[in-house]
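Below: one structure, written as structure tokens.
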Amino acid sequence: MALRNNSSLSRDGKSRLLEFGNDLGFSKEETDAFAKQKDWNQNFVKFQKQFENKLLDPKNFSLTDVYNLFSGFQQSVTATVQLMNELQTKVNEANNIFPVEAFKVPKVPEKLFGFVNQGFFPKLNPKGLNIADNVASLFEQYSLKQASLKDFDILLEKKNDIVLEHKVRYNFALQFNFETTYVGTGGEINLQFALQASTTNFSSLEELQASFSKTGDNLTAQLFWKPTVTKLVSGENDLTHIAQTAIGESLFDSRVDLSASIINSEATLKTAEATFTTQVLNPFKAKREKALAIKKAEEEKIKKELEEQKKRQEELAKQQRDKEALQKSLWKFQEFISYWNGQGKDVKQKEQFIQALEAAFSTNWNEVFNLLIAGFRSAIQTYYKDGKADQSQNAKIAFGEKGIQFPKSGPGLDGIFMSDFLRGNLTGNAHFDLKLKKVEVKNTQGKDAQGNDKKASINWQAKQNNFPFRQVNPWDFSFEVELKYEGSYGLYPGARFLNLFGSLGIPNDWKGEMSVKFVLDGKTPQWIADKPDYPGSLFKFEKNQLKFTPHVKEHVHVENKQFMEKLKESKLA
Numbered sequence: 055m056a057l058r059n060n061s062s063l064s065r066d067g068k069s070r071l072l073e074f075g076n077d078l079g080f081s082k083e084e085t086d087a088f089a090k091q092k093d094w095n096q097n098f099v100k101f102q103k104q105f106e107n108k109l110l111d112p113k114n115f116s117l118t119d120v121y122n123l124f125s126g127f128q129q130s131v132t133a134t135v136q137l138m139n140e141l142q143t144k145v146n147e148a149n150n151i152f153p154v155e156a157f158k159v160p161k162v163p164e165k166l167f168g169f170v171n172q173g174f175f176p177k178l179n180p181k182g183l184n185i186a187d188n189v190a191s192l193f194e195q196y197s198l199k200q201a202s203l204k205d206f207d208i209l210l211e212k213k214n215d216i217v218l219e220h221k222v223r224y225n226f227a228l229q230f231n232f233e234t235t236y237v238g239t240g241g242e243i244n245l246q247f248a249l250q251a252s253t254t255n256f257s258s259l260e261e262l263q264a265s266f267s268k269t270g271d272n273l274t275a276q277l278f279w280k281p282t283v284t285k286l287v288s289g290e291n292d293l294t295h296i297a298q299t300a301i302g303e304s305l306f307d308s309r310v311d312l313s314a315s316i317i318n319s320e321a322t323l324k325t326a327e328a329t330f331t332t333q334v335l336n337p338f339k340a341k342r343e344k345a346l347a348i349k350k351a352e353e354e355k356i357k358k359e360l361e362e363q364k365k366r367q368e369e370l371a372k373q374q375r376d377k378e379a380l381q382k383s384l385w386k387f388q389e390f391i392s393y394w395n396g397q398g399k400d401v402k403q404k405e406q407f408i409q410a411l412e413a414a415f416s417t418n419w420n421e422v423f424n425l426l427i428a429g430f431r432s433a434i435q436t437y438y439k440d441g442k443a444d445q446s447q448n449a450k451i452a453f454g455e456k457g458i459q460f461p462k463s464g465p466g467l468d469g470i471f472m473s474d475f476l477r478g479n480l481t482g483n484a485h486f487d488l489k490l491k492k493v494e495v496k497n498t499q500g501k502d503a504q505g506n507d508k509k510a511s512i513n514w515q516a517k518q519n520n521f522p523f524r525q526v527n528p529w530d531f532s533f534e535v536e537l538k539y540e541g542s543y544g545l546y547p548g549a550r551f552l553n554l555f556g557s558l559g560i561p562n563d564w565k566g567e568m569s570v571k572f573v574l575d576g577k578t579p580q581w582i583a584d585k586p587d588y589p590g591s592l593f594k595f596e597k598n599q600l601k602f603t604p605h606v607k608e609h610v611h612v613e614n615k616q617f618m619e620k621l622k623e624s625k626l627a
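Numbers given in this note's numbering equal positions in the sequence shown, counted from 1, plus 54.
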């Protein structure tokens, strides 16, 4: 492999390709033509037309096809440099909104080539060119002002094989000459550098074709390359020799994606530009605009500082008073109503009542839960006053037309929990009639260390706004509701006949007292919580409703041994 500046040209500018041996491997007409084909755009257009309706397969490449393909580098690199300049201009305009130091301004070369794939070539920044750190550090305080591709050339070089004297080896050598200007607090830096690249050596068309690889839509080739500084001046200081010494003669190799770098370079650059604009330019511009807005607001902010400080102190004092008033309101519903009236809410209306509860619960969940449980007990006792469901307007407002859904007086077994099979079996074979006589509510929460009634609480996780799904103790409360009835039933004639054979397992007739006790507590048995279809304990504010599913146990008792056996068998006693 050979890399040279213009080493392939004689003093009179003619090609020296024919000075080596007689075994060219390619036709003289083909190799001589390259010296005249320097219209790079036209060359690349020929390549595009050659494969416009033909599979882009390296096995189909001729020597001229490869030359024309590499000619496309001139157009793609020129477009890359132009894009760098345009983007740097936009970055500078964004910085002018509210300027920052040059080293804080996004560096277009460093950022832009981070948005192309690994095989893109060339990446015109210190990292992409493998520039030594001591040289690259010179540019940290500077931003790109202008860049240009001053010259481009391709030569077909050849030389005799070192081992086989009569064997000739070729390679394509590419030369890029750049000039760039950087600007910063220390003035301007002028950098002129060359980038020399070469293909692998080949002695035949087959070897040249084999040096390319096609994977999917990506055409790649191995290139050997090195950067060379021709001029580096910072202000009055000529640093050319220092830079040349630091960079040395290091040679690098890369697997170059020719599809991204040449063939589809326009799409590659458009994507990189769009990503740069979204991820670098727009955020930087937004920060500069925000900084300007902050600057303009500073004077106004200073004027209002004392006033706002006083206002904050008043607000904090008000928040503390509100907090204390809210906590005090959670001891009794009458105080709760009074407090929220002062907040502009009519909590006698269900929708506003739920909204007030939800607001209070967000910071005082245990107090609100205790208030609700106490209110639940009181409401049941009041609603079933004198053994009758409350049909007053206040009750309808509070509970709706359906009221609290416990067992009711009248025919049937509505409100008593049992399986649908058992309910159908009983009501299908007998006429039941129950009359509610008394409702008793008993707080079984127990006493605290001071001898006072323990308060109900909820094991709430404020950050998650819930409690664990299979929590067996989602809350801590306990009370009982006992409903006492006088009732009777009589089996229908057909059922009496069947009962002669003991198929129903209950007396033909019954009359007496029935007690239905509901035990409500905060304990969910582990076996229930572990069931695959367990719906989870629920305490949730949703659509102006408070959804609450406590664990309830039901015990039914009658003064009839046979009837009780049936109830125990059905797990109702």
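Glycine residues also receive a C-beta, built at the ideal position from the N, C-alpha and C atoms.
Only a predicted model underlies this, so the values are computations on that prediction, with no experimental measurement involved.
- How is the alpha helix (DSSP H) around H295 delimited, first residue to last? Counting from one through the sequence shown, the residue named residue 295 turns up at place 241. Counting along the chain, H295 sits inside the alpha helix (DSSP H) bounded by residues 294-301.
- Item | N37 classed as buried or exposed, judged by whether at least 16 other C-beta atoms fall within 10 angstroms | Nothing in the structure corresponds to residue 37, since the chain is present only between 55 and 627.
- Message: Which residue wins for smallest C-alpha separation from M472, given the options D292, E608, K357?
- Response: On the sequence shown, position 418 is the one that residue 472 refers to. It is E608.
- Message: Taking a contact to mean a Cβ-Cβ separation below 9 Å, would you say V422 touches L384 in this structure?
- Response: Counting from 1 along the sequence shown, the entry for residue 422 is found at position 368. Counting from 1 along the sequence shown, the entry for residue 384 is found at position 330. Taking 9 Å as the cut-off, the Cβ atoms of V422 and L384 count as close.
- Message: According to DSSP, is L109 part of a helix, a strand, or is it coil?
- Response: The count along the sequence shown starts at 1 and reaches residue 109 at position 55. In this structure, L109 counts as coil in the three-state DSSP scheme.
- Message: Quick check on the burial criterion: 16 or more other C-beta atoms within 10 angstroms. Buried or exposed for N76?
- Response: As a position in the sequence shown, residue 76 is number 22, starting the count at 1. Summary for N76: the model assigns pLDDT 41, below 50, so the residue's position carries little reliability; its value from the coordinates is reported in the next sentence. It counts as exposed.
- If you check the beta carbons only, do S267 and R223 fall under 9 Å apart? Taking the sequence shown and counting its residues from 1, one reaches residue 267 at position 213. Taking the sequence shown and counting its residues from 1, one reaches residue 223 at position 169. Taking 9 Å as the cut-off, the beta carbon of S267 is found no closer than this to the beta carbon of R223.
- Relative to the alpha-carbon of T322, which residue among F169, D530, E155, F595 has its alpha-carbon at the smallest distance? As a position in the sequence shown, residue 322 is number 268, starting the count at 1. If we check each option's Cα against that of T322, F169 comes out closest.
- Message: Checking 9 Å against the spacing of the C-beta atoms, do L245 and K181 come in under that value?
- Response: Translated into the one-based positions of the sequence shown, residue 245 becomes position 191. Translated into the one-based positions of the sequence shown, residue 181 becomes position 127. No.
- Query: Apart from the five residues just before and just after K509, which ones in its own chain have a Cβ nearer than 7 Å to its Cβ?
  - Reply: For this step, residue 509 is matched to residue 455 along the sequence shown. Answer for K509: N424, listed in chain order.
- Message: Please return the same chain residues whose Cβ sits closer than 6 Å to the Cβ of V493, not counting the five positions on each side in sequence.
- Response: For the purposes of this step, residue 493 is taken as the residue at position 439 of the sequence shown. Hits under 6 Å: Y438, L537.
- Touch test, the stretch 268-281 against the stretch 246-255, Cβ-Cβ under 8 Å, three pairs minimum: In short, these stretches touch, since the Cβ pair count reaches three.
- Message: Suppose the cutoff is 8 Å on Cβ atoms and the five residues either side in sequence are ignored; what does the same chain contact list for Y121 look like?
- Response: As a position in the sequence shown, residue 121 is number 67, starting the count at 1. Same-chain partners within the cutoff: F88, Q91, N97, I208, L210, F226.
- Helix or strand or just coil, what does DSSP make of G270? As a working note, residue 270 is residue 216 in the sequence shown. Judged by DSSP in its simplified three-state form, G270 adopts coil rather than helix or strand.
- Mind listing, in chain order, the continuous alpha helix (DSSP H) runs of no fewer than 4 residues lying wholly within the stretch 354-406? Here the runs fully enclosed are 387-396.
- Message: Checking the sheet assignment: what are the DSSP bridge partners for K285?
- Response: Counting from one through the sequence shown, the residue named residue 285 turns up at place 231. In DSSP, K285 forms a bridge with Q246.
- Task: Mark I301 as exposed unless 16 or more other C-beta atoms lie within 10 angstroms of its C-beta, in which case mark it buried.
- Result: Counted from its first residue, the sequence shown places residue 301 at position 247. Buried, since its Cβ has 16 or more Cβ neighbours within 10 Å.
- Task: Specify the secondary structure class of I151 as computed by DSSP and reduced to three states.
- Result: Along the sequence shown, one-based indexing puts residue 151 at 97. DSSP, reduced to helix, strand and coil, places I151 within a helical segment of the structure shown.
- Query: How many angstroms separate the CA atom of W564 from the CA atom of G478?
  - Reply: As a first step, residue 564 must be located in the sequence shown, where it is residue number 510. As a first step, residue 478 must be located in the sequence shown, where it is residue number 424. The alpha-carbon separation between W564 and G478 amounts to approximately 18 Å.
- With distances taken Cα to Cα, identify the nearest neighbour of D502 among K491, G482, D530. Here the question's residue 502 lines up with position 448 in the sequence shown. Residue D530 is the option with its Cα nearest to D502.
- Query: Helix, strand or coil: how does DSSP classify T235 here?
  - Reply: Here residue 235 is taken as the residue at index 181 of the sequence shown, counted from 1. Three-state DSSP puts T235 in a strand.
- Task: Please work out which residues of its chain come closer than 7 Å, Cβ to Cβ, to K577, disregarding the five sequence neighbours upstream and downstream, and give them in chain order.
- Result: In the sequence shown, residue 577 corresponds to position 523, counting from 1. The beta carbon of K577 is closer than 7 Å to those of V526, N527, H605 in its chain, skipping five residues each way along the sequence.
- Straight-line Cα distance separating K324 from K82: Locating residue 82 in the sequence shown gives position 28, counting from the first residue. Locating residue 324 in the sequence shown gives position 270, counting from the first residue. Taking the straight line joining both Cα atoms gives about 41 Å.
- Per DSSP, cross-strand counterpart(s) of K707: Here the chain comprises residues numbered 55 to 627, so residue 707 is not present and cannot be evaluated.
- Query: R70 by DSSP, collapsed to three states: which one?
  - Reply: As a first step, residue 70 is located in the sequence shown; it is residue number 16 there, counting from the start. Interpretation of R70 is limited by its pLDDT of 40, a score under 50 that renders its predicted location unreliable; the figure taken from the coordinates is listed afterwards. DSSP places R70 in coil when its eight states are reduced to three.
- What three-state label does DSSP hand L323 in the structure shown? Locating residue 323 in the sequence shown gives position 269, where the first residue counts as 1. When DSSP states are grouped into helix, strand and coil, L323 belongs to the helix group.
- Taking the CB atoms as reference points, tell me whether T274 and S304 lie closer together than 9 Å. The count along the sequence shown starts at 1 and reaches residue 274 at position 220. The count along the sequence shown starts at 1 and reaches residue 304 at position 250. Going by C-beta atoms, T274 is not nearer than 9 Å to S304.
- Please say whether L110 and I316 have beta carbons closer to each other than 9 Å? Here the question's residue 316 lines up with position 262 in the sequence shown. Here the question's residue 110 lines up with position 56 in the sequence shown. Cβ distance not < 9 Å, so I316 and L110 don't count as in contact.
- Span of the beta strand (DSSP E) around F595: Taking the first residue of the sequence shown as position 1, residue 595 is located at position 541. Per DSSP, F595 belongs to the beta strand (DSSP E) from 593-596.
- Look at the Cβ atom of G240, then the Cβ atom of S202, and state whether they are nearer than 9 Å. Residue 240 sits at position 186 when you count from the first residue of the sequence shown. Residue 202 sits at position 148 when you count from the first residue of the sequence shown. Contact flag unset, no.
- Start-to-end residues for the beta strand (DSSP E) that takes in A484: The sequence position of residue 484 within the sequence shown is 430, counting from 1. For A484, the uninterrupted beta strand (DSSP E) segment begins and ends at 484-497.
- Query: Would D311 be called buried (16 or more neighbouring beta carbons within 10 Å of its own) or exposed?
  - Reply: Numbered from 1 along the sequence shown, position 257 holds the residue referred to as residue 311. Buried.
- Message: Looking at F232: is its Cβ nearer than 9 Å to the Cβ of K199?
- Response: Within the sequence shown, residue 232 is the residue found at index 178, counting from 1. Within the sequence shown, residue 199 is the residue found at index 145, counting from 1. Contact check for F232 against K199 fails: the beta carbons are separated by 9 Å or more.
- the ligand PLP heavy atom lying under 8 Å from the CB of V283: As far as ligands go, the structure on display features none, and thus does not contain the ligand PLP.
- Which stretch, first to last residue, makes up the alpha helix (DSSP H) that contains K103? Looking up residue 103 in the sequence shown gives position 49. First-last of the alpha helix (DSSP H) with K103: 94-104.
- Should the stretch 341-353 be regarded as contacting the stretch 148-158, the criterion being three or more beta carbon pairs within less than 8 Å? With the cut-off at 8 Å, the stretch 341-353 and the stretch 148-158 touch.
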